[in-house]
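Read through the structure below, which is laid out as structure tokens, and then see the notes.
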Amino acid sequence: MRRYNLEVLGISETHWMQVGQRLASEELLLYSGHEEENALRTQGVALMLSRQAQNTLIGWESHGSRIIKASFKTEKQGITMNII
4 MRRYNLEVLG ISETHWMQVG QRLASEELLL YSGHEEENAL RTQGVALMLS RQAQNTLIGW
64 ESHGSRIIKA SFKTEKQGIT MNII
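Residue numbers (the working numbering): 4 to 87.
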């Protein structure tokens with residue numbers, strides 16, 4: 004992410020099960036996958052956030068194994084950016 008100067012990176016076809024978050028070096032990984040143990044491990048989604056994006060994160064929620072939503076504060080007062 005640092006090499007390409009990305010703040011938010013969307014990832015598809017992840018292998019993680021259920022819903023959660025992990026901290027990898029300075030990046031935060033928010034992920035959503037299948038709830039069932041015997042389900043395919045290729046249909047999850049994730050968002051990787053830089054340190055700056057983490058500081059503006061308002062909240063996030065999972066909508067099944069294929070949709071994840073994150074909300075961020077913006078510099079414009081009263082405006083929230085949603086990434087789905």
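Positions of the beta carbon are idealized from the N, C-alpha and C atoms, including for glycine.
- Around the Cβ of Y34, a 10 Å sphere holds 16 or more other Cβ atoms; the residue is buried.
- The C-alpha of I71 lies about 23 Å from the C-alpha of Y7.
- DSSP places R54 inside the alpha helix (DSSP H), whose first and last residues are 54-59.
- Residue environment analysis places L50 among the buried positions, since at least 16 neighbouring C-beta atoms fall within 10 angstroms of its C-beta.
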